[in-house]
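A.B. asks: In our numbering, the protein residues as written are 725 to 861.
1. Any contact between the region 845-854 and the region 766-774? By contact I mean 3 or more CB pairs, one from each, below 8 Å.
2. Would you kindly work out how many angstroms separate the C-alpha atoms of residue 793 and residue 835, rounded to a whole number?
3. Please classify residue 768: does DSSP put it in a helix, a strand, or coil?
4. What does DSSP give as the partner residue(s) for residue 828 in the beta ladder?
5. Determine whether the beta carbon atoms of residue 858 and residue 808 lie at a separation below 8 Å.
6. Helix, strand or coil: how does DSSP classify residue 780 here?
7. Within 10 Å of its beta-carbon, does residue 749 have 16 or more other beta-carbons around it, so buried, or fewer, so exposed?
Shown next as C-alpha cells:
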C-alpha cells in the first residue's frame, strides 16, 4: 500500500470520528405510554393511514429543544403518516406530534446533527394518544 493511501485512510478516519463526536446525543426514555386523558388530540386531530385505519398520535417531549426537523423512522415498516393539514408536527410547547399507523412495530428518531435514537418496539392502538420523552444532551 502506498504512503498516499495510508495517509488518506488515516485522514478519513480522523474526519469520520470528529463528525460522529460532533453530533448531539438523543435517546428515548423508555417506551411510549398511553395518555388516556388526551381527548382533544383523539377528537380533533384524527388521521388515517393508507389502509384507512385510524392512526395513533405519538407526542414526543424533548428534554432540550431539537434544533432540526425531528424525523420518525419505523425501522423498515410502514411509513409515518403526514400530519393533518394545518397542523405542524412541532408544537408551540416544544413537543413533536407524529401520526403512526397501529401496524407499526418499531420506531426510532433521527435529526440532522444528532445521533439516531435506539430502536424501540411499540404496540400502538388506533385512535389513542401516547407520549414518550426524548432525552437530548
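For each residue, glycine too, the CB sits at the ideal point set by N, CA and C.
C.D. replies: Let me lay it out:
1. yes
2. Counting from one through the chain shown, the residue named residue 793 turns up at place 69. Counting from one through the chain shown, the residue named residue 835 turns up at place 111. About 6 Å.
3. As a position in the chain shown, residue 768 is number 44, starting the count at 1. Reduced to three states, the DSSP call for residue 768 is helix.
4. The count along the chain shown starts at 1 and reaches residue 828 at position 104. Note: residue 828 sits in no beta bridge, so no partner.
5. By one-based count along the chain shown, residue 858 stands at place 134. By one-based count along the chain shown, residue 808 stands at place 84. Going by C-beta atoms, residue 858 is not nearer than 8 Å to residue 808.
6. Taking the chain shown and counting its residues from 1, the one referred to as residue 780 is at position 56. Strand, per DSSP.
7. By one-based count along the chain shown, residue 749 stands at place 25. Exposed, because fewer than 16 other Cβ atoms sit within 10 Å of the Cβ of residue 749.
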